[in-house]
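In our numbering, the protein residues as written are 46 to 246.
Printed below as a string of structure tokens:
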């Protein structure tokens, strides 16, 4: 009888360990999927604004594939800290380009969902989520948060359903910010490419 009890207790422990392991794996896989989605949106923004183009974009993807989860986000954060007015230039570029707007809105919404859902069940996960919240992810989310006066960036925009046109008056001091840029460097309707000369750094 005692032996049977020990066997039952051992079985329960094994089941609990397997359940805990499954939960950890689920969170890990889910987080990886979210990071892949976030990085894809960042790549779209980087390519269309010229922050990441050509070889620099390929290199960033290669680093990401090798395990550097911040590889695609870091160039935005670095330039924001080193270049005065970069945040405004970037927002103007995004505002003038619908695919960039969709990608930015999706990024912000997805980043918010990581911290909004209560999926932290272990101390290890708390450390991981603290790292995400204090790292480039949160900084880039703040950089990509764009407020429009008459246009909501929500699920409709994420689904490519934009109800109102973005007009020139929505740009944040565009002429002042872009002063000194040649006409080839100014915002276009198809691809903004504001930073062609420095994107390869």
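Every residue gets a Cβ at the ideal spot worked out from N, C-alpha and C, and that includes glycine.
Asked: Thinking C-beta only, is residue 86 closer than 7 Å to residue 141?; Found: no
Asked: Give me the Cα-Cα distance between residue 147 and residue 88, rounded to the nearest whole angstrom.; Found: 12 Å
Asked: Would a C-beta distance cut-off of 7 Å place residue 155 and residue 83 closer than the cut-off?; Found: yes
Asked: Report the rounded CA-to-CA distance for residue 177 versus residue 132, giving the unit in angstroms.; Found: 21 Å
Asked: List the endpoints of the continuous alpha helix (DSSP H) containing residue 110.; Found: 99-110
Asked: What's the gap between the Cα of residue 184 and the Cα of residue 121?; Found: 9 Å
Asked: I'd like the span of the alpha helix (DSSP H) that includes residue 141, first residue to last.; Found: Element bounds for residue 141: n/a, residue is neither H nor E.
Asked: Here's the rule I'm using: 16 or more other beta-carbon atoms within 10 Å means buried, otherwise exposed. How should residue 210 be labelled?; Found: Here residue 210 scores only 37 on pLDDT, less than 50, and its place in the model should not be relied on; the value that follows carries that caveat. So residue 210 counts as exposed.
Asked: Can you tell me where the alpha helix (DSSP H) holding residue 118 begins and where it ends?; Found: Counting along the chain, residue 118 falls outside any alpha helix (DSSP H), and DSSP gives it neither H nor E.
Asked: Looking only at its own chain, which residues have a Cβ that is under 6 Å from the Cβ of residue 190, when we skip the five neighbours before and after it?; Found: 153
Asked: Secondary structure at residue 78, three-state DSSP: helix, strand or coil?; Found: helix
Asked: Grab the span of the alpha helix (DSSP H) containing residue 129 for me, first residue to last.; Found: Element bounds for residue 129: n/a, residue is neither H nor E.
Asked: Could you give the distance in angstroms between the alpha-carbon of residue 225 and the alpha-carbon of residue 171?; Found: Low per-residue confidence applies at residue 225: pLDDT is 37, beneath 50, and the placement is therefore not dependable, though the value from the model is reported in the following sentence. In a straight line, the C-alpha of residue 225 is about 47 Å away from that of residue 171.
Asked: With DSSP collapsed to three states, give me the class of residue 95.; Found: coil
Asked: Thinking C-alpha only, which one of 182, 125, 138, 137 is nearest residue 116?; Found: 182
Asked: Taking 7 Å as the limit between beta carbons, can you name the residues of its chain near residue 102, skipping five residues before and five after?; Found: 88, 91, 92
Asked: My understanding is that residue 159 touches residue 79, with C-beta atoms under 8 Å, so please give their C-beta distance in whole angstroms.; Found: 6 Å
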